[in-house]
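**Student:** I have a structure I would like to understand better, so I am pasting it below and will then ask my questions one at a time.
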Amino acid sequence: MLTIAFLGATGGCANACLAHTLRNGHNAVALARTPSKLESQLLEQPGLTREILDKHLRIHKGDATNVDDIINTLIIAPKTEIQPCTLVTSIISGIGGAPTMSWTRPNPCDKMTMRIPSLPHIELPNPHITEDTTRTLLQALQRISTEQFGSYDKYAYAAPQLTVISGTGIGSKNGMKDVPYLFRPMYSTLLPEPHADKSNMEKVLNEEREKKETLLARGLVIVRPSFLTGDHRIVPAGEDSGYSKLRVATDESPAAAIGYLVPRQLIGEWIYEEIVNCGGERWAGQGVLLTC
Numbered sequence: 002m003l004t005i006a007f008l009g010a011t012g013g014c015a016n017a018c019l020a021h022t023l024r025n026g027h028n029a030v031a032l033a034r035t036p037s038k039l040e041s042q043l044l045e046q047p048g049l050t051r052e053i054l055d056k057h058l059r060i061h062k063g064d065a066t067n068v069d070d071i072i073n074t075l076i077i078a079p080k081t082e083i084q085p086c087t088l089v090t091s092i093i094s095g096i097g098g099a100p101t102m103s104w105t106r107p108n109p110c111d112k113m114t115m116r117i118p119s120l121p122h123i124e125l126p127n128p129h130i131t132e133d134t135t136r137t138l139l140q141a142l143q144r145i146s147t148e149q150f151g152s153y154d155k156y157a158y159a160a161p162q163l164t165v166i167s168g169t170g171i172g173s174k175n176g177m178k179d180v181p182y183l184f185r186p187m188y189s190t191l192l193p194e195p196h197a198d199k200s201n202m203e204k205v206l207n208e209e210r211e212k213k214e215t216l217l218a219r220g221l222v223i224v225r226p227s228f229l230t231g232d233h234r235i236v237p238a239g240e241d242s243g244y245s246k247l248r249v250a251t252d253e254s255p256a257a258a259i260g261y262l263v264p265r266q267l268i269g270e271w272i273y274e275e276i277v278n279c280g281g282e283r284w285a286g287q288g289v290l291l292t293c
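So for the sequence shown, the working numbering puts the first residue at 2; every next one is plus one.
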């Protein structure tokens, strides 16, 4: 049976995907600093019960910047004398900083502690959180391949797939070409800090992808939603979520999915349908643009 690992599962997109995963009977493991917060979010989701969580979800308390915590999350069963190590099937990372709106910036003069006025923009408590956790994840996978499998060739057969959530306007091929013209000034002034963090995450992953012969993930999918709206809550089973209105394109043809807004719950639903339910092979190695 599939077991999907979630990093950043309290975030809107990843939480929605986790809710769909559990509601449809798949097993999942989530790394969370505050397990009670994650449990509360999931029990708010329609169709999820304590019984379902107890049966299909394991929450590992820890931090995604800690290598050991990630290793313990990804290993289902460590190697023994008679059995090889068992890993999760896929990793879905929705890690990102908690954004706050600010109208000031740090003073460029090192000797001045007073902040200076600026245009409104988003700031993160840790402006490198996505980059740092991605590096930690790759370090964890490297240790697993060495400590649990002994060689890369043996590890390659068990290597999990990796899906990360980035954003439009970040892909190196297209720059701002996948952002509507009227939104480009807002992206440049409002989101430079979160975008820099996501961009650095993608650079780390591109460096990994260029290794080719020692890839630590079976396949990489980069999900690039347009400006996110709404929260983590999915709709009850049988109700129309608006999924049919979701437009999908890749970096190779970004014009097919240029849009302004997209609900977080739809991003979570797409990741569930395409990555968890269908395996994700169709999108491996691509940046996938999602909008409404």
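Yeah, the Cβ is synthetic: ideal placement off N, Cα and C, and Gly gets one too.
With a floor of 3 residues, list each beta strand (DSSP E) that falls wholly inside the segment 36-66, ordered by position along the chain.
**Tutor:** Fully enclosed beta strand (DSSP E) runs of 3 or longer: 58-62.
**Student:** Would you mind giving the Cβ-Cβ distance between Val289 and Val222, rounded to the nearest angstrom? I have them listed as a contact below 8 Å.
**Tutor:** Sequence index remark: in the sequence shown, residue 289 carries index 288 (1-based). Sequence index remark: in the sequence shown, residue 222 carries index 221 (1-based). Between Val222 and Val289 the Cβ distance is about 6 Å, and since that is below 8 Å, they are a contact.
**Student:** Here's the rule I'm using: 16 or more other beta-carbon atoms within 10 Å means buried, otherwise exposed. How should Asn127 be labelled?
**Tutor:** Along the sequence shown, one-based indexing puts residue 127 at 126. Exposed: under 16 other Cβ atoms inside 10 Å.
**Student:** Determine the direct distance from the alpha carbon of Leu247 to that of Leu88, and round the result to whole angstroms.
**Tutor:** Against the sequence shown, residue 88 aligns to sequence position 87. Against the sequence shown, residue 247 aligns to sequence position 246. For Leu88 and Leu247, the distance between alpha carbons rounds to 32 Å.
**Student:** I'd like to know whether the C-beta atoms of Asn25 and Gln42 end up nearer to each other than 7 Å.
**Tutor:** Translated into the one-based positions of the sequence shown, residue 25 becomes position 24. Translated into the one-based positions of the sequence shown, residue 42 becomes position 41. Their beta carbons are not under 7 Å apart, which means Asn25 does not touch Gln42 by this criterion.
**Student:** Measuring straight from C-alpha to C-alpha, what distance separates Arg234 and Ile83?
**Tutor:** Looking up residue 234 in the sequence shown gives position 233. Looking up residue 83 in the sequence shown gives position 82. Their backbone Cα atoms lie some 43 Å apart in a straight line.
**Student:** Which value, in whole angstroms, describes the spacing of the CA atoms of Ile145 and Ile72?
**Tutor:** In the sequence shown, counting from the first residue as 1, residue 145 sits at position 144. In the sequence shown, counting from the first residue as 1, residue 72 sits at position 71. Straight-line Cα distance between these residues: approximately 7 Å.
**Student:** Whole angstroms are fine: how far does the CA of Arg219 sit from the CA of His57?
**Tutor:** On the sequence shown, residue 57 is found 56 positions in, with the first residue counted as 1. On the sequence shown, residue 219 is found 218 positions in, with the first residue counted as 1. Using only the alpha carbons, I get a separation of about 24 Å.
**Student:** Taking only runs of the alpha helix (DSSP H) that begin and end inside the segment 138-210, which ones reach a length of at least 4 residues, in chain order?
**Tutor:** For the segment 138-210, whole alpha helix (DSSP H) runs of length 4 or above, ordered along the chain, are 153-157, 185-191, 193-210.
**Student:** Going by CA-CA distance only, name the one from Thr164, Thr137, Gly243 that's closest to Ser94.
**Tutor:** Numbered from 1 along the sequence shown, position 93 holds the residue referred to as residue 94. When each option's Cα is compared against that of Ser94, the closest is Thr164.
**Student:** Secondary structure at Gln287, three-state DSSP: helix, strand or coil?
**Tutor:** Your numbering for residue 287 matches position 286 in the sequence shown. Strand, per DSSP.
**Student:** What are the partner residues of Ala6, as DSSP defines its beta bridges?
**Tutor:** Position 5 of the sequence shown, counted from the first residue, corresponds to residue 6. Looking at the DSSP assignment, Ala6 forms a beta bridge with Val30, Ile92.
**Student:** Please report how far the alpha carbon of Thr251 lies from the alpha carbon of Pro226, in whole angstroms.
**Tutor:** By 1-based counting over the sequence shown, the position of residue 251 is 250. By 1-based counting over the sequence shown, the position of residue 226 is 225. Their backbone Cα atoms lie some 11 Å apart in a straight line.
**Student:** For my contact list, His27 and Leu3 are in at a C-beta cut-off of 8 Å; report their separation, rounded to the angstrom.
**Tutor:** In the sequence shown, residue 27 corresponds to position 26, counting from 1. In the sequence shown, residue 3 corresponds to position 2, counting from 1. About 5 Å separates the two Cβ atoms, so the contact holds.
**Student:** Have a look at Trp284, Val277, Trp271, Ala285 and flag the residue whose alpha-carbon is nearest the alpha-carbon of Thr292.
**Tutor:** As a position in the sequence shown, residue 292 is number 291, starting the count at 1. Among Trp284, Val277, Trp271, Ala285, the Cα nearest to that of Thr292 is on Trp271.
**Student:** Can you tell me the Cα-Cα spacing of Pro36 and Ile60, whole angstroms?
**Tutor:** Walking along the sequence shown from the start, residue 36 turns up at place 35. Walking along the sequence shown from the start, residue 60 turns up at place 59. Cα to Cα, Pro36 sits roughly 6 Å from Ile60.
**Student:** Could you work out which residue in Leu139, Gly281, Ala159, Gln287 is closest to Ala78 when comparing CA atoms only?
**Tutor:** Here the question's residue 78 lines up with position 77 in the sequence shown. Closest option to Ala78, Cα to Cα, is Ala159.
**Student:** I need the boundaries of the alpha helix (DSSP H) containing Ala15, first residue and last residue.
**Tutor:** Sequence index remark: in the sequence shown, residue 15 carries index 14 (1-based). Counting along the chain, the alpha helix (DSSP H) containing Ala15 begins and ends at 13-24.
**Student:** How far does the alpha helix (DSSP H) with Arg265 in it reach, from first residue to last?
**Tutor:** For the purposes of this step, residue 265 is identified with residue 264 of the sequence shown, where counting begins at 1. 265-272 is the extent of the alpha helix (DSSP H) around Arg265.
**Student:** Starting from Leu75, follow the alpha helix (DSSP H) in both directions and report where the run begins and ends.
**Tutor:** Start at 1 with the first residue of the sequence shown, and residue 75 comes out as number 74. Run containing Leu75: 68-75, per the alpha helix (DSSP H) assignment.
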